[in-house]
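Position 572 of the sequence shown, counting from 1, maps to 567 under our numbering, and the rest follow consecutively.
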Amino acid sequence: MATPSGKTMIPNPQASKRALSREASSEVPSKRKNSNPTSTLPRPSGPFVEGSIVRIAMENFLTYDICEVSPGPHLNMIIGANGTGKSSIVCAICLGLAGKPAFMGRADKVGFFVKRGCSKGVVEIELFRTSGNLIITREIDVIKNQSFWFINKKPVSQKTVEEQVAALNIQVGNLCQFLPQDKVGEFAKLSKIELLEATEKSIGPPEMHRYHCELKNFREKEKQLETSCKEKSEYLEKMVQRNERYKQDVERFYERKRHLDLIEMLEAKRPWVEYENVRQEYEGVKLVRDQVKEEVRKLKEGQIPMTRRIEEIERQRRTLETRIKEKATDIKETSQKCKQRQDLIERKDRHIKELQQALTVKQNEEHDRQKRISNTRKMIEDLQNELRTVENCENLQPQIDAITSDLRRVQEEKAVCEGEIIDKQREKEMLEKQKRSVGDHIIRFDNLMNQKEDKLRQRYRDTYDAVLWLRNNRDRFKQRVCEPIMLTINMKDNKNAKYIENHISSNDLRAFVFESQEDMEIFLREVRDNKKLRVNAVIAPKISYADKAPSRSLNELKQYGFFSYLRELFDAPDPVMSYLCCQYHIHEVPVGTERTRERIERVIQETRLKQIYTAEEKYVLKTSFYSNKVISSNTSLKVAQFLTVTVDLEQRRHLEEQLKEINRKLEAVESGLVTLRDTNKHLELKDNELRLKKKELLERKTKKRQLEQKISSKLGSIRLMEQDTCNLEEEERKANTKIKEINVQKAKLVTELTGLVKICTSLHIQKVDLILQNTTVISEKNKLEADYMASSSQLRVIEQQFIILDENRQILLQKCKELMKRARQVCNLSADQAVPQEFQTQVPTIPNGHNSSPPMAFQDLPNTLDEIDALLTEERSRASCFTGLNPTVVEEYSRREIEIQQLTEELKRKKVELDEYRENISQVKERWLNPLKELVEKINEKFSNFFSSMQCAGEVDLHTENEEDYDKYGIRIRVKFRSSTQLHELTPHHQSGGERSVSTMLYLMALQELNRCPFRVVDEINQGMDPINERRVFEMVVNTACKENTSQYFFITPKLLQNLPYSEKMTVLFVYNGPHMLEPNRWNLKAFQRRRRRITFTQPSQ
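This is the structure we're talking about:
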């Protein structure tokens, strides 16, 4: 298909987008309608102005599933049959640029613009910007009737979108820029004022409409100020006339008031004079105090050099001591080296001695060998002589047998005794094992007691310290002293501890119990007075209450659920139990169970008990003195904290008795062991005697043989000794050689030792010198410190003097303040209120730094009390002469004077403000009206030219009835379509629909070249035009909108006339819709273009 301009129509879908089919309408239920992307002429390349629309994308929006439109930079003709979706594109532009749904005239909710059956729709507008295109996306949620906004794919608020759109001068709500189909008729209904406002916003400079609004506001305020000034001037004149009538009476009243004021001043000056006298005394004391303070400061400053010198000497002392320590270290190291050398020399001496001793030993050994040889030979001779003299052996066997029998008997007795010793030792080991076991049990009981003591130490540290003192000093008391009750009480069952802790006060639980008043006084004097410990102490009754029987048997109370009295729940020493029975009646307080709680009313009525414990509560019963009724109160039991640790004292006593029995048995076993060991020792002695006798008899029996063996052995020894000879001369030579070598080494060590001794001596001298220097420094430091102490003593004396003076100053200051307070009270001044300027005089300031000057008139008044009293008498006489004056008249006069002054000032301000507003109006009017007239003149020129080209007449002018009524300014459009008529104002009633459409279209065209908006939209404005006017208007639109540097133009129409002129710069967008359209997935732009080229190439050959 060819357009009139010869261009080929090609559809323009995006390759990445797929057009979805649209649901069939209700008129054609059996056919399916598909919504194609718009087909468009190839877009001529040309520059887009800032804010022009580059792309429009819609998804599930009105008639479209998915569609994308790419308009051109100049005129865009959107053509299609009614109902195909042309106005849907207009709606997408409006809503996509943050326009209101109601402006379209279709629906008031944005959700109605989503395609039927879909839950969400999307509109995306891409606007041209030189810095980078702006993509605005609006997602519409049907269910929530809510929109979600995105700029360049980033979520933003609607306000941000509106700001971005306004920055590009896009006004979708301005009919001069955006004229949808349903609003075409409303353009003619715009009043002159509304048309002016729309024109200002559309094509005027940004500040033009703002100036117009400012002028309207300024004019409204000017009118208000003029009315206000007129009313206040009339009222002021009446007030001035009324005050003139009372002026003389007021002057007499003020003459009397001046005398009274002087009297008041005189009465007020007396406390100020008193204050001034005390203030002068205060200033004198303050001066002396400041002098002493300065002297203190000078003394402190004089101590600074002394302090610095002491610090400097201290640093010198520390340096000297460090050097002394270093010298001492060096001396120690040198001394160690000397000692090492001395040790080496001593080792060399010992080595020489060892060599000499070894030589001597060898000489002695040789001498001894010769001596032993001689002795052995002599022994052989003696043995041989004895052998010759030995007689024949006698019969000794019977004696040997008898001794052997006795020896066997003794050994048997000894074995029996040793067996008994082993049995006793085993018994002893077993008893010791039992003793350790019992001791461990006792230690465990003691550990439980320690737990109690730990709790006491954590909670009552003073009481715990007193317990430790008591354990170390029990010998100081005559009678029994019990540790705190919480330590001595031992619960039989720790579950019942809560009853005892709730019954006995915490003060008594940590109290020591005494049997003697004298012991308690000694304890408290030592612990409370001397050690400052907070402890409690009580005295047990002289007559024991520990075994006192309860007034009622427990068997009588068991029917109520009572199982015990408090006394039977624990064990305690007799003084503690006696005190608790006497003080807390624990032998009279029963303890019950939950069954007791259930029948508590019966228990209270029948038992008449004073205190009752149930499983979790304590009940206290009292009898009313007046009504004799029983009054009960119950409290919940607190959890036990101290008595939960239970120590079974009975079992501990049993273990102690068991330990004593084991110790007794051990003593018996030990005694038996001693007896058995003595018996065994006696048997061993007897056994040894028998063995010796037997040995002697055996020796006598074998003596000859032994002598022969000894002689043979001695002969062998002689032979061996004769063979073991030694060369003494050779050994002496070797020893002398080694001694010489050692002496050489020793001489070298002595030389080294001498050098080290000299070094050590030098170091000692240096150390002594440093010690002397350190002593001198210390002496100087002590002298400086003594001087510093003397200076400090003098400083303390002066500081004490300063403190006394400062106290006197404070006393005088307080007196000054009291006098000042009284003087201010006389003058009716608050403590923090400054004296008014008109009453001030040159009087010294108050000591506390506040302004203390009495009223200014004081300086003209007498300065002595006698003069003040005389003047007071005179002024009172003069004041009494003025009579018959009415204070009400004066008050009214003063009130009117103030009001006149206020009105005068206010009227002056109003006039100044009025002049400012008039000046502002003049300036803003000049900035607004002149450009506006020029703009309207340009519009009129183009509008008139357009009408002249149509052989009609039309003009546009700026209309107002009063030049100062800026809210009544408006643009008036007057047109004439026939030569026989006059120019008539464009109204909804005077012109026909086609004439209104032509006038509207031509006015918008007149704005086109002047417009600063980026685009303009006009929807189906040519519907009411006749063909001639439609053709003329179309030509004007093409010529105007296709010029260079003009804004983008959207012209929507369902039809066009034949043979209309077209421009290369315009873009024609066709919207198709119907049951025979191609499926979206078969729409292929490139294939259509190739087919068109083939047809074009083949036509010439045919």
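Using N, Cα and C, we set each Cβ at its ideal position, and we do this for glycine too.
Bear in mind that the values here come from a model prediction, so they are computed numbers and not experimental data.
* To do: Determine the DSSP secondary structure at Asn359, reduced to helix, strand or coil.
  => helix
* Runs of alpha helix (DSSP H) lying entirely within the segment 370 to 439, each at least 4 residues, in chain order -> none
* Pairing CB atoms from the segment 538 to 548 with CB atoms from the segment 575 to 585, are three or more of them under 8 Å? -> Cβ pair count under 8 Å is three or more, so yes.
* To do: Mind reading off the beta-carbon distance from Arg133 to Leu191? Whole number of angstroms is fine, and I expect it under 8 Å.
  => Their Cβ separation, rounded to whole angstroms, is 32 Å, which puts Arg133 and Leu191 out of contact at 8 Å.
* Asked: Do Val118 and Ala87 have their CB atoms nearer than 8 Å?
  -> yes
* Can you say whether Pro1009 is buried or exposed, counting buried as having 16 or more other CB atoms within 10 angstroms of its CB? => buried
* To do: Would you mind sorting Glu22 into buried or exposed? The rule is 16 or more other CB atoms within 10 Å of its CB.
  => Confidence is the limiting factor: at Glu22 the pLDDT is only 31, short of 50, which leaves the residue's position unreliable, though a coordinate-based value still follows. By the neighbour-count rule (16 or more Cβ atoms within 10 Å), Glu22 is not buried but exposed.
* **8 Å Cβ cutoff, Cys822 in contact with chain D** => Within the model displayed, chain D is absent; a lone protein chain is all it includes.
* To do: Tell me, please, which residues DSSP counts as bridged to Gln141.
  => Asp136
* **Proximal residues to Val429 (C-beta, below 6 Å), its chain only, five neighbours per side dropped** => The identity of residue 429 in the sequence shown is Gln, whereas the question assumes Val. Within the same chain, Gln429 has close Cβ partners Ile657.
* When DSSP labels each residue in this structure, what does Ala1015 get in the three-state scheme? -> Rather than Ala, the amino acid found at residue 1015 in this sequence is Glu. If DSSP states are grouped into helix, strand and coil, Glu1015 belongs with coil.
* Which partner residues of Val634 appear in the DSSP bridge assignment? -> In DSSP, Val634 forms no bridge with anything.
* Contact under 8 Å by Cβ, Asn147 with Ile130 -> yes
* Local conformation of Leu1064 per DSSP, three classes -> strand
* Asked: For His954, which of helix, strand or coil comes out of DSSP?
  -> Secondary structure of His954 (DSSP, three-state): strand.
* Take every Cβ of the segment 238 to 246, pair it with every Cβ of the segment 855 to 867, and state whether three or more of those distances are shorter than 8 Å. => no
* Boundaries of the alpha helix (DSSP H) in which Gln606 is found, first to last residue -> For Gln606, there is no enclosing alpha helix (DSSP H); the enclosing beta strand (DSSP E) has its first and last residue at Gln606 to Tyr608.
* Asked: When you compare only the Cα positions, how much space is there between Met1072 and Lys81?
  -> 17 Å
* Among the residues of its own chain, which have a CB less than 6 Å from the CB of Pro570, if the five just before and after it don't count? -> Cys477, Val508, Glu510 and Ala535
* To do: Kindly indicate which residue of Val1066, Glu189 and Arg431 has the alpha-carbon position closest to the one of Cys208.
  => Glu189
* Asked: Quick one: is Lys624 buried, meaning 16 or more other Cβ sit within 10 Å of its Cβ, or exposed?
  -> exposed
* Using the DSSP secondary-structure output, state which residues sit across from Ala76 in a beta bridge. => According to DSSP, which records beta bridges pairwise, Ala76 is partnered with nothing at all.
* **Helix, strand or coil at His979 [DSSP, three-state]** => Strand.
* Under 8 Å, do Val533 and Arg523 count as touching if we go by C-beta distance? -> Not a contact, by the Cβ cut-off of 8 Å.
* Excluding the 5 residues preceding and the 5 following Pro839 in the sequence, name in chain order all residues of the same chain whose CB lies nearer than 6 Å to its CB. => Only weak support exists for where Pro839 lies, its pLDDT of 40 falling under 50; the value from the coordinates is given anyway. Nothing listed; no residue qualifies.
* Asked: What's the gap between the Cα of Asp962 and the Cα of Lys115?
  -> 44 Å
* Asked: What does DSSP give as the partner residues of Glu63 in its beta bridges?
  -> Ala52
* What's the gap between the Cα of Thr618 and the Cα of Ile626? -> For Thr618 and Ile626, the gap between their C-alpha atoms comes out near 6 Å.
* Whole beta strand (DSSP E) elements within the segment 513 to 556, 3-residue minimum -> 531 to 534
* Would you kindly work out how many angstroms separate the C-alpha atoms of Arg57 and Met99, rounded to a whole number? => Correcting the residue type first, residue 57 is Leu in the shown sequence and not Arg. For the pair Leu57 and Met99, the Cα-to-Cα distance works out to about 13 Å.
* Mind checking which residues open and close the beta strand (DSSP E) that includes Pro570? => Run containing Pro570: none in the beta strand (DSSP E); it sits in the alpha helix (DSSP H), Asp569 to Tyr579.
* Asked: Looking at the structure shown, is Phe123 part of a helix, part of a strand, or coil, going by DSSP?
  -> coil
* Quick one: residues in its chain with C-beta nearer than 8 Å to the C-beta of Ala948, no 5 flanking neighbours on either side, listed in chain order? => Excluding its 5 nearest sequence neighbours in each direction, Ala948 has C-beta neighbours in its own chain below 8 Å: Ser939, Phe942, Val970, Lys971 and Leu978, listed in chain order.
* Buried or exposed for Glu1025, please, with buried defined as at least 16 other CB atoms from any protein chain shown within 10 angstroms of its CB. => Answer is buried; the Cβ neighbour count reaches 16.
* **Assumed close pair Ile398, Leu685 - CB separation to whole angstroms, cut-off 8 Å** => 5 Å
* Asked: What first and last residue would you give for the beta strand (DSSP E) that runs through Ile1047?
  -> Gln1043 to Thr1048
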